[in-house]
Structure formats: structure tokens, C-alpha cells
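As they're listed, the protein sequences go chains X and E.
Start counting the first sequence at 1; every next residue gets the next number (the working numbering).
Start counting the second sequence at 1001; every next residue gets the next number (the working numbering).
Notes follow the structure.
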Amino acid sequence: RAAQGRTYGNLGNTYYLLGDFESAIAAHEKRLLIAKEFGDKSAERRAHCNLGNAHIFLGQFETAANHYKRTLQLARLLKDRAVEAQACYSLGNTYTLLQDYERAIDYHLKHLVIAQDLKDCVGEGRAYWSLGNAHTALGNHEQAMLFAEKHLEIAKRTGDKS
Amino acid sequence: RTQSLQVDSVQRWMDDLRHMTEVE
């Protein structure tokens, strides 16, 4: 049964990479079920993350957000800061797609704090970029400019020409 | 213009996401 779970996970990932998001979701839902049977929180977190990703590419942003929220809860339970940051970043982007810019900002700020704690310059840059855009969308142009400047500063520091 | 500004950071995330899987 444990091997079956892993196989569903591998199958889901393969379908996802092939662009067959519906089959990916079906496989990951089965993987999730088995992860819950075993009380395997780490596997459950991975399944929700993979499900969230597949739903994004189907344009099902609310469903994706729900999976990412569960991913975030599990990341906090597992005390995995990097994965918590990833979940916040995903939620920030998903809420931007949903045009809920205030929620997007909330999650991007959470991502920013963790990226800074973990000294993840790339993550920090992504957070500034996303925050700048979200503030622009809300018409907060001064705030947007501050974040854009921070983005530029860190991009120069990391040597990211693009 | 706001729409295109939003898209670039989200697009970059989606470009990365397209090839990302949480492996067993």
C-alpha cells in the first residue's frame, strides 16, 4: 500500500510533466488518500502541492489556493521553513491570478520574511518583484516603487541581468 | 498596463512551476 502511494505520486508527476493535468490530479488524489491512511504528513504536503500546481494550469485558481493553504499548514506543522516560504509564494501568485491583491500582498510579505531569514536572495528578489506588481495593481505607486527599487538592488547584488 | 505588470512576475513563477514536481 505504501509502494502504491509512491507509485501514484510518480505517475501523477509524469502526467503533470506531460501536460495531462487532469490525469495528474487523479493520480495525486489517490496519492493523497494513501498518505492520509498512513498519517504521512510529508507525503500529504507533497500531494497537496502537486495538486495545487496542476489546478493552476487548468485555470482552477480557487481550488489551487485551497491546496496551497493546506500545504502551508502542513509545512508549519512539519517546521519546514523553506517549504513554508514556497507555499506562501505560491499563494501570493495564486491570489494575484484571482486579482485579490491584498491577500497576494499578505502572502508575498510572509514569503519575503522567510526568504530574508533563510538568506535566500533569489526568493527575496522574487518577493520584491511580486510585491511591487501587487501594489501597482492597487494603485499604491509609492509602495510599488519602493519594492521595485529593492528588487533592482538585489538583482544587481546577485548579478541577475534579466 | 497594470495587467501586463502583473503578468511578468506571475508568468516567471508559472514558467518555473511547469517543470516542478514534488518527488517521492
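Beta carbons are placed, not taken as given, at the ideal position from N, Cα and C, and that holds for glycine.
Assuming the contact rule is C-beta atoms closer than 8 Å, residue i and residue j should be a hit. Round their C-beta distance to whole Å, please.
i              : j             : result
residue 32/X   : residue 44/X  : 6 Å
residue 47/X   : residue 9/X   : 7 Å
residue 1014/E : residue 56/X  : 7 Å
residue 112/X  : residue 98/X  : Between residue 98/X and residue 112/X the Cβ distance is about 20 Å, and since that is not below 8 Å, they are no contact.
residue 87/X   : residue 68/X  : 6 Å
residue 28/X   : residue 2/X   : Not confirmed; about 16 Å, so no contact.
residue 107/X  : residue 118/X : Not quite, the Cβ-Cβ distance comes to about 16 Å (not below 8 Å), so this is no contact.
Does any C-beta atom of chain E lie closer than 8 Å to the C-beta of residue i?
i             : result
residue 159/X : no
residue 25/X  : no
residue 46/X  : yes
residue 17/X  : yes
residue 49/X  : yes
residue 6/X   : yes
residue 53/X  : yes
residue 97/X  : yes
residue 13/X  : yes
residue 114/X : no
residue 39/X  : no
residue 59/X  : no
residue 66/X  : no
Using DSSP with H/G/I as helix, E/B as strand and the rest coil, what is residue i?
i              : result
residue 133/X  : helix
residue 12/X   : helix
residue 161/X  : coil
residue 1023/E : coil
residue 138/X  : coil
residue 1008/E : helix
residue 1018/E : coil
Residue i CB to nearest chain X CB: under 8 Å?
i              : result
residue 1024/E : yes
request  = Counting only runs of 4+ residues fully inside the stretch 41–123 of chain X, write out the alpha helix (DSSP H) ranges in chain order.
outcome  = Along the stretch 41–123 of chain X, the alpha helix (DSSP H) occurs as fully enclosed runs of 4 or more residues at 41–57, 61–77, 81–97 and 101–117, listed in sequence order.
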